[in-house]
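Visitor:
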Amino acid sequence: MASPPTEVLREDGELAPSDEWFPHTQLSSDPFFVVAITGPQASGKSTLINTLFQTNFPVASRASVATATTRGILASHVPSPTRQTLLLDVEGADARARGRDGKLFAAQCAAFVTSVADVVIVNLWFHDACRLDSAAHGLLRSIFSSAAYDLLEGHPSKTALLVAVRDFEDDSHESCESLTSLIRQDITDIWEEVALESGLPVGEGASPLEEVADLHIYMFPHIRHRAEQFDKRIAHLKNALEEGDLAQPKYSKNIPSDSFSTYAHTLWDSILAGAAHQSVQAADVFDRRVDDFYTGDDFAIVAAFRCDEVFSQKLAEASGDIADLLETVEAGTRLDNLGKKCDNIIERYLQEYDAETSDFAAEPAYDRKRTELEAIIDTGLMSVFMKNIAIISREALASFKASVADDMPTNFASFTALTAFDKRAKEGIRRGGSWSYENERTDLKNMIHEISEQQQKLVESQVSASKKQSEAIQFLRMQHAQMQAVQQQALGGSVGQWNVGAAYRPPDSNVNLSLAYQQGRTNLQVSMVPDESSTLLGPAGFTAGVGPGNLGMSFNVNF
């Protein structure tokens with residue numbers, strides 16, 4: 155497991171005391187396998203070394219990309235049963251905090267790591283490849299100046315020089331071969347120029363680049379947008395560092411690990427005292443050439459070209475982030491805190507634009523392309539915002555309908571739905587933008603009002619129908635009571651509970667008398683009925699009955 159990063163060279167240019175370098179590491183006379191990484195600020199140096207060795211060097215956040223995360227030189231020790239590895243993370247060569255005065259410090263750091271490292275990794279942006287004014291170009295001059303000085307002093311050493319090209323976009327074999335060839339030629343030209351300035355032999359008998367460094371070039375795609383391809387390239391480089399071309403003993407400076415910090419102090423003191431004067435002088439010569447160019451008539455043209463180039467790159471990267479957000483909202487998923495996400499995207503790409511075009515900050519092209527970059531990204535994010543507002547509005551309307559269906563008062567349901575809409579909509583607005591959701595809120599409010607009116611009419615209709623039904627029932631009851639009263643008045647008496655009845659038939663007679671009292675009415679009935687035994691009485695009996703067809707007669711009196 156890698157040790158926590160230790161600040162071995164502080165930002166003020168002072169080396170940490172020897173006892174603070176490896177306080178918890180068991181050291182021996184065996185040398186470290188030293189890997190150093192350097193390059194422009196915010197180019198992903200620390201991320202690359204962390205991914206390769208599982209270290210914990212601090213990395214720049216999106217919000218602080220313009221601020222140097224690594225200051226001075228940080229070191230981390232990776233123990234292993236077979237090989238002790240020491241990793242050095244060097245401050246960005248174009249650190250904004252140091253300004254143009256930082257080039258001397260960058261040259262000194264380059265001289266230092268070249269003298270102690272087996273492998274020096276130079277991080278290079280793809281869009282900086284083959285640019286004579288890039289920070290990586292100046293670093294290579296400083297590295298070669300240190301190597302040339304050692305060669306002149308009669309104690310040459312060889313270093314594995316690895317150029318890591320970041321965010322390479324075209325994986326075709328032809329493109330890789332073409333760019334590799336161009337970079338290799340440019341680096342060879344830098345070495346020949348440095349060798350000439352340092353007084354080394356030229357022409358026949360000149361020292362080739364291979365005498366001081368073996369050059370390796372690795373292409374890395376974008377770490378986020380093409381993560382799978384990036385991981386494959388990392389695995390390939392990791393294998394080369396562990397057991398491949400980069401893990402050869404010929405690159406070792408043979409500094410015993412238990413004496414490394416002591417040697418480092420001696421080396422750094424000699425650099426500060428001027429032993430690396432030629433390295434610094436060569437870097438200054440290059441810087442003066444660049445400065446002369448920057449004050450020339452063609453500077454505005456270069457500024458416009460560079461600002462437009464960075465603008466196009468940042469816009470393409472931002473478009474990928476916007477596409478991810480659009481995919482989410484178009485699938486119907488609400489984005490919470492969209493405003494913060496949009497702020498982070500715009501701030502990130504503006505800060506990266508600033509960091510990569512800082513040399514042209516005084517030129518009109520700088521402000522023009524920066525404003526244009528912000529405006530275009532803002533427009534793309536606004537489309538995400540409006541689609542997100544549509545989702546929030548639909549959810550608020552659905553919530554209102556559900557509340558009304560649960561018999562919540564429409565006024566309260568409306569207030570709850572609009573409050574939730576306002577809260578989520580406000581969270582989607584980015585700072586400093588001109589975005590608005592007032593029209594969408596008005597539409598939502600109108601729909602809620604229309605539904606509320608329909609609900610009110612429905613309730614009123616139901617109440618009216620219920621009232622009419624109640625009135626009808628009451629009328630029927632009253633009518634029934636009146637009919638009973640009329641009936642009682644017509645028939646007399648009142649409702650009682652007694653029912654009495656009696657019947658009498660005089661002997662030897664076909665007359666039947668019956669008297670009944672029921673519910674306040676008296677009924678007297680006189681009837682003449684056929685005699686059931688008339689067939690037995692003979693002619694004198696009731697053989698023919700009292701009427702035609704042997705029918706009986708009755709007479710009723712009610713009172």
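In my numbering, the protein residues as written are 155 to 713.
C-beta atoms are modelled at their ideal positions from N, C-alpha and C, and glycine is treated no differently.
Given the structure is predicted, the values throughout are model-derived calculations rather than measurements.
Quick test of your reading: residue 400 and residue 372, contact by CB under 8 Å. State the CB separation rounded to the nearest angstrom.
Guide: On the sequence shown, residue 400 is found 246 positions in, with the first residue counted as 1. On the sequence shown, residue 372 is found 218 positions in, with the first residue counted as 1. So it is not a contact: roughly 10 Å between Cβ atoms.
Visitor: Residues in its own chain within less than 7 Å of residue 546 by CB, not counting five upstream and five downstream?
Guide: As a first step, residue 546 must be located in the sequence shown, where it is residue number 392. The answer, listed in chain order, is 488, 575, 578 and 579.
Visitor: For the beta strand (DSSP E) containing residue 213, list its first residue and its last residue.
Guide: Taking the first residue of the sequence shown as position 1, residue 213 is located at position 59. Element bounds for residue 213: n/a, residue is neither H nor E.
Visitor: So residue 304 and residue 311 are supposed to be a Cβ contact under 8 Å. How far apart are they, rounded?
Guide: Here residue 304 refers to the residue found at position 150 when the sequence shown is read from its first residue. Here residue 311 refers to the residue found at position 157 when the sequence shown is read from its first residue. 6 Å between Cβ atoms; contact.
Visitor: Could you spell out the range, first to last residue, of the alpha helix (DSSP H) harbouring residue 506?
Guide: The count along the sequence shown starts at 1 and reaches residue 506 at position 352. Note, residue 506: alpha helix (DSSP H), 492-510.
Visitor: To test your reading of the DSSP string, which unbroken alpha helix (DSSP H) runs of 4 or more residues are found completely within the region 604-632?
Guide: Segments of the alpha helix (DSSP H) lying fully in the region 604-632: there are none.
Visitor: Indicate, with yes or no, if the ligand NAP has a heavy atom lying under 7 Å from the CB of residue 159.
Guide: As for the ligand NAP, it is missing from this structure, which has no ligand bound.
Visitor: Out of 483, 168, 551 and 206, which has the shortest C-alpha to C-alpha gap to residue 393?
Guide: Counting from 1 along the sequence shown, the entry for residue 393 is found at position 239. Checked all of 483, 168, 551 and 206; the closest Cα to residue 393 is 206.
Visitor: Give the secondary structure of residue 371 by DSSP, where H, G and I count as helix, E and B as strand, and everything else as coil.
Guide: As a working note, residue 371 is residue 217 in the sequence shown. Residue state, collapsed to three classes: strand.
Visitor: Per the DSSP calculation, residue 279 is bridged to which residue(s)?
Guide: Translated into positions along the sequence shown, residue 279 becomes position 125. Paired residue(s): 320.
Visitor: Under the rule that 16 or more other beta-carbon atoms within 10 Å means buried, what is residue 564, buried or exposed?
Guide: Within the sequence shown, residue 564 is the residue found at index 410, counting from 1. Buried, since its Cβ has 16 or more Cβ neighbours within 10 Å.
Visitor: Applying the 10 Å Cβ sphere with the 16-neighbour rule, what's the burial state of residue 474?
Guide: Walking along the sequence shown from the start, residue 474 turns up at place 320. Exposed.
Visitor: Mark residue 510 as exposed unless 16 or more other C-beta atoms lie within 10 angstroms of its C-beta, in which case mark it buried.
Guide: Reading the sequence shown from its first residue, position 356 is the one you call residue 510. Buried.
Visitor: Is residue 627 buried or exposed, if buried means 16 or more other CB atoms sit within 10 Å of its CB?
Guide: Residue mapping note: residue 627 aligns to position 473 of the sequence shown, counting from 1. Exposed: under 16 other Cβ atoms inside 10 Å.
Visitor: Contact defined as beta carbons within less than 8 Å: I believe residue 279 pairs with residue 320. What is the distance between those atoms, to the nearest angstrom?
Guide: Along the sequence shown, one-based indexing puts residue 279 at 125. Along the sequence shown, one-based indexing puts residue 320 at 166. Contact holds; Cβ gap of about 6 Å.
Visitor: Quick check on this structure: which residue in 350, 237 and 245 has the alpha carbon closest to the alpha carbon of residue 142?
Guide: The structure shown does not extend to residue 142, since the chain is modelled only from 155 through 713, so no value can be given for it.
Visitor: Alpha carbon to alpha carbon, what distance is there between residue 499 and residue 559?
Guide: The count along the sequence shown starts at 1 and reaches residue 559 at position 405. The count along the sequence shown starts at 1 and reaches residue 499 at position 345. Cα to Cα, the separation comes out at about 42 Å.
Visitor: Along the alpha helix (DSSP H) that carries residue 682, what are the first and last residues, could you check?
Guide: In the sequence shown, the residue the question calls residue 682 occupies position 528. Per DSSP, residue 682 belongs to no alpha helix (DSSP H); it is in the beta strand (DSSP E), 675-682.
Visitor: Would you grab the beta carbon distance between residue 275 and residue 196 for me? Rounded to a whole angstrom, and I think it's under 8 Å.
Guide: In the sequence shown, counting from the first residue as 1, residue 275 sits at position 121. In the sequence shown, counting from the first residue as 1, residue 196 sits at position 42. Contact doesn't hold; Cβ gap of about 16 Å is too wide.
Visitor: For residue 353, which option in 376, 553, 302 and 198 has the closest C-alpha, if you only look at C-alpha atoms?
Guide: Here residue 353 refers to the residue found at position 199 when the sequence shown is read from its first residue. It is 302.
Visitor: What does residue 232 pair with, by DSSP beta-bridge criteria?
Guide: Numbered from 1 along the sequence shown, position 78 holds the residue referred to as residue 232. Residue 232 pairs with 239.
Visitor: Quick check on DSSP: helix, strand or coil for residue 187?
Guide: In the sequence shown, counting from the first residue as 1, residue 187 sits at position 33. In the structure shown, residue 187 sits in a strand (DSSP, three-state: E or B).
Visitor: Residue 169: buried (16+ other C-beta within 10 angstroms of its C-beta) or exposed?
Guide: Against the sequence shown, residue 169 aligns to sequence position 15. Its Cβ being crowded by 16 or more others within 10 Å, residue 169 is buried.
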